[in-house]
Amino acid sequence: MQRPASVLLSVVVLASAGCPQRPFDLDTDEITARYSHKYKEDTCASWLRSQRTGFMYCASPAVMVDIPLYLGPVGMQSGPCDGGSEELGDLMSCGEEVYGRVCAACHQPDGQGKDGMAPPLAGSGEFYGDPQNQADIIVNGLSGPITVQGRLWENLQMPPQGQLSDYEIASTATYVRHSWGNDDGIVLPSDVAAVR
Numbered sequence: 061m062q063r064p065a066s067v068l069l070s071v072v073v074l075a076s077a078g079c080p081q082r083p084f085d086l087d088t089d090e091i092t093a094r095y096s097h098k099y100k101e102d103t104c105a106s107w108l109r110s111q112r113t114g115f116m117y118c119a120s121p122a123v124m125v126d127i128p129l130y131l132g133p134v135g136m137q138s139g140p141c142d143g144g145s146e147e148l149g150d151l152m153s154c155g156e157e158v159y160g161r162v163c164a165a166c167h168q169p170d171g172q173g174k175d176g177m178a179p180p181l182a183g184s185g186e187f188y189g190d191p192q193n194q195a196d197i198i199v200n201g202l203s204g205p206i207t208v209q210g211r212l213w214e215n216l217q218m219p220p221q222g223q224l225s226d227y228e229i230a231s232t233a234t235y236v237r238h239s240w241g242n243d244d245g246i247v248l249p250s251d252v253a254a255v256r
């Protein structure tokens with residue numbers, strides 16, 4: 061995969077936007093001025109100011125689009141998601157890589173979720189349901205409140221991951237459906253394409 065030349069530019073833009081600064085060190089007016097053009101209403105400023113969730117502002121949908129650009133090396137790169145088939149083994153290899161890079165920070169490497177941030181994916185087949193429903197959650201994100209495994213998750217804000225390819229999303233969903241004791245079938249790229 062060829063990485064765009066805008067890698068350095070993305071890093072410079074993120075750094076100059078104040079991403080390294082913890083948002084709860086700023087006052088509410090400064091937070092609102094800095095971020096209100098990217099979000100609706102004033103809910104963002106209070107969310108960013110939270111001591112508990114303040115660090116999450118760097119994972120906003122606008123920044124998530126740039127993450128693959130500045131985390132990967134410049135130049136040609138091949139990996140488990142290049143040229144994979146729709147066979148379970150290929151989907152699992154790619155899905156494990158994408159999950160580790162995009163999902164594990166919130167849902168945790170073991171799929172157990174993180175209190176107050178992200179529900180568990182282990183044992184949650186009833187929640188994500190059929191392949192197209194799960195693909196839709198990944199492509200378009202999800203806002204709470206939701207109930208997962210009998211627990212109410214309020215104020216849930218999963219950012220959309222539509223910047224990923226259909227194959228990457230299908231692979232990640234398949235990885236979740238076959239990890240941590242789950243056995244819920246596979247998701248195909250055509251399932252993802254159907255919800256875009």
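In the numbering used here, each number is its position in the sequence shown, counted from 1, plus 60. Beta carbons are placed, not taken as given, at the ideal position from N, Cα and C, and that holds for glycine. Note that the structure is predicted; figures quoted are calculated from it, not measured.
For R237, the enclosing alpha helix (DSSP H) stretches over residues 226-237. Under the DSSP assignment, V255 falls in the alpha helix (DSSP H) whose first and last residues are 249-255. The DSSP-derived three-state label of S145 is coil. Residue burial is scored here from C-beta neighbours: S231 has at least 16 other C-beta atoms within 10 angstroms and is therefore classed as buried. In terms of Cα proximity to R237, the closest of C141, Y159, D142, G144 is Y159. Listed in chain order, the beta strand (DSSP E) runs fully inside the segment 201-226 are 206-208, 211-213, counting runs of at least 3 residues.
Apart from sequence neighbours up to five positions away, the residues of its chain that approach D244 with a beta-carbon distance below 7 angstroms are G185, R237, ordered along the chain.
With respect to A182, G189 sits apart: the two C-beta atoms are not nearer than 8 angstroms. The C-alpha of S250 lies about 9 angstroms from the C-alpha of Y227. DSSP lists K174 as the beta-bridge partner residues of A178. Assigned with DSSP and collapsed to three states, D196 falls in helix.
The continuous alpha helix (DSSP H) containing C166 extends over residues 164-167. Below 8 angstroms, too few C-beta pairs join the segment 206-224 and the segment 148-157 to call them touching: fewer than three. Within the same chain, Cβ atoms closer than 7 angstroms to the Cβ of C166 are found at K174, M177, A178, the five residues on either side in sequence being excluded. For P140, the secondary structure class from DSSP, reduced to helix, strand or coil, is coil.
Excluding the 5 residues flanking it on each side, V252 has same chain C-beta neighbours closer than 7 angstroms at A195, V199, D226, I229, A230, in chain order.
Pairing S203 with L212, the inter-Cα distance amounts to about 12 angstroms. DSSP, reduced to helix, strand and coil, places S153 within a helical segment of the structure shown.
The beta-carbon separation of A254 and Q168, rounded to 29 angstroms, does not stay under the 8 angstroms limit for a contact.
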